[in-house]
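Spelled out as structure tokens, the structure:
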């Protein structure tokens, strides 16, 4: 475990929605030390599942906070890259009442999520026990934003952690307000030259107007992931919050020992299927020189339990030529995609494809990953009854996971599932406080190794965590 870095960022705008380009090529150019071989059917089945109707889900309501490489402007993305280096990236998405992304003009009226970023940084300073080994880099979209955030971070009125932050023993961090090893960066400075030529050092928001919010955020996150040095990293949201004392490097070590890439099945006609997400999967595959047909057209790599990234994999993805466009660099292909792009979807597709290509050699860079369907895994684990508590009209299991806490009779099994698959991060918004009985929630949080909430303000810090009286200890297995 080496260094750990954290980065933040923001995004605006919206991109076009269209089907990704179909092509005969099914994968990226293989690594130099590989020979192309036929894909064994047993390996293909690991990422391709027979079509079956999902039991619940409806249209996507994108309540997640999208990420972009550490830029803090209209919205923020927390992206933590640990290295075992360390980095963070923050961002948020905005929805209209139909659950669809707002236009670029709508996004421009939004203001930076600095208060949420500051709250998250404060929780990190107070509760991350190996903070001295973590370098946090915040990437903003302009020098003006760098100055604005720096002024807030330097405020003499910001409260320190105190010796009993949220009822925990925080004696060692009592003097801190924000992480000490924190630096701010202008996005332009870390962009690859091909993208720098498309924007301006004083404001990179022109990329939003030209290419849309989601491509902008993907460029930000991936540019930061490629620029900074680390071994492993984490992509989190600006509205994340550390829930209990945690050693981040140990947490990443445990996750990296048995990493999982999660998928969902969205068959044609299923209430869970969302054509916008289908287009994103196809678009991301096309940028990589792949097609979704090689995985199964109903498979979606959207599932949001993936927060941790590997530097070596990022660089392989960014530097590999595409079989579809061998003379076009990665970031240009990304911006020219015919659909919206989500960097984490592309990252997971890259891993799934490389895993099959490397199955016959001795490399563990990709073969150590398991690619699992979330619904199937929950049911096989004995949690079908808990899974059915997710309202039928809601989709994206990772974002609705807290509904399963309501199955109090299955709580120990759910905690075991969380430990088994190392779900150290949970999408949890304050609305769940009105749905889950407080004693049930306290019991689950006390036993489950959830280190942080992500994507939405959770409200847990106001009453629920303090009422735990410091009993929410962290386990890593």
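In my numbering, the protein residues as written are 1313 to 1789.
Every residue gets a Cβ at the ideal spot worked out from N, C-alpha and C, and that includes glycine.
Can you tell me the Cβ-Cβ gap for residue 1611 and residue 1575, rounded? I've got them flagged as a contact below 8 angstroms. Contact between residue 1611 and residue 1575 holds, since their C-beta atoms are separated by about 5 angstroms, short of 8 angstroms.
Helix, strand or coil: which one does DSSP assign to residue 1751? Helix, per DSSP.
Counting only the same chain and skipping the five closest in sequence on each side, list residues whose C-beta sits under 6 angstroms from that of residue 1781. Listed in chain order, the non-local C-beta contacts of residue 1781 below 6 angstroms within the same chain comprise 1479, local neighbours out to five positions each way being set aside.
Just the C-alpha distance for residue 1631 and residue 1504, rounded to the nearest angstrom, thanks. Rounded to the nearest whole angstrom, the C-alpha separation of residue 1631 and residue 1504 is 12 angstroms.
Assess contact between the stretch 1479-1499 and the stretch 1610-1625, defined as three or more Cβ pairs (one per stretch) separated by less than 8 angstroms. Is contact present? No, they do not touch.
Taking only the alpha-carbon atoms, compute the straight-line gap between residue 1627 and residue 1633 and give it to the nearest angstrom. C-alpha separation (whole angstroms): 12 angstroms.
Residue 1699 beta carbon less than 8 angstroms from that of residue 1708: No.
Express the C-alpha separation of residue 1595 and residue 1337 in angstroms, rounding to a whole number. Legend: pLDDT at residue 1337 = 31, less than 50; position of this residue unreliable, no value from coordinates given.
When 1724, 1644, 1687, 1747 are compared against residue 1519, the one with the closest alpha-carbon: For the residues 1724, 1644, 1687, 1747, the minimum Cα distance to residue 1519 belongs to 1644.
If we count the other Cβ atoms within 10 Å of its Cβ and call it buried at 16 or more, is residue 1711 buried or exposed? Buried is the call here.
Exposure of residue 1581, with buried meaning 16 or more beta-carbon neighbours within 10 Å: Residue environment: residue 1581 is assigned as exposed (fewer than 16 neighbouring CB atoms within 10 Å of its CB, all protein chains considered).
Inspect the beta-carbon positions of residue 1621 and residue 1544 and report whether they are closer than 8 angstroms. Yes, the Cβ-Cβ distance between residue 1621 and residue 1544 is below 8 angstroms.
Taking the Cβ atom as the reference point for each residue, do residue 1547 and residue 1661 lie within a distance shorter than 8 angstroms? Cβ distance not < 8 angstroms, so residue 1547 and residue 1661 don't count as in contact.
Tell me whether residue 1708 sits in a helix, a strand or coil according to DSSP, three-state version. Under the three-state reduction of DSSP, residue 1708 is assigned to coil, being neither helix nor strand.
Unbroken alpha helix (DSSP H) run spanning residue 1464, endpoints: Judged by DSSP secondary structure, residue 1464 falls within the alpha helix (DSSP H) whose first and last residues are 1455-1465.
When we look at the beta-carbon of residue 1481 and count the other beta-carbons within 10 Å, is it buried (16 or more) or exposed? By the Cβ neighbour-count rule, residue 1481 is exposed, with fewer than 16 other Cβ atoms within 10 Å of its own.
So, is residue 1787 buried or exposed, given that buried needs 16 or more other C-beta atoms within 10 angstroms? Its Cβ having fewer than 16 others within 10 Å, residue 1787 is exposed.
Spatial neighbours of residue 1624 within its chain, please: C-beta separation below 7 angstroms, excluding the five flanking residues on both sides. Within the same chain, residue 1624 has close Cβ partners 1677.
Exposed or buried, which one is residue 1694 when buried takes at least 16 other CB atoms within 10 Å? Counting Cβ neighbours within 10 Å, residue 1694 comes out exposed, since fewer than 16 surround it.
If you run the structure through DSSP and keep just helix, strand and coil, what is residue 1389? Interpretation of residue 1389 is limited by its pLDDT of 37, a score under 50 that renders its predicted location unreliable; no figure is taken from the coordinates.
Does the contact criterion of 3 or more C-beta pairs under 8 angstroms hold for the stretch 1736-1744 versus the stretch 1764-1773? Taking a cut-off of 8 angstroms on C-beta distances, the stretch 1736-1744 touches the stretch 1764-1773, as three or more cross pairs fall below it.
Just mark residue 1469 as buried or exposed, buried being the case when its beta carbon has 16 or more other beta carbons within 10 Å. Under this definition residue 1469 is an exposed residue.
Count the other CB atoms within 10 Å of the CB of residue 1475; is the residue buried (16 or more) or exposed (fewer)? With fewer than 16 other Cβ atoms from the protein chains shown falling within 10 Å of its own Cβ, residue 1475 counts as exposed.
Inter-residue CB distance, residue 1450 and residue 1497 (contact presumed, cutoff 8 angstroms): Between residue 1497 and residue 1450 the Cβ distance is about 7 angstroms, and since that is below 8 angstroms, they are a contact.
According to DSSP, which residues form a beta bridge with residue 1553? Its beta-bridge partners are 1765.
Can we say the stretch 1585-1602 touches the stretch 1453-1468, given the rule of at least three CB pairs closer than 8 angstroms? They do not touch, by the three-pair rule.
Spatial neighbours of residue 1538 within its chain, please: CB distance less than 8 angstroms, with the 5 preceding and 5 following residues excluded, ordered by chain position. 1504, 1626, 1627, 1630, listed in sequence order.
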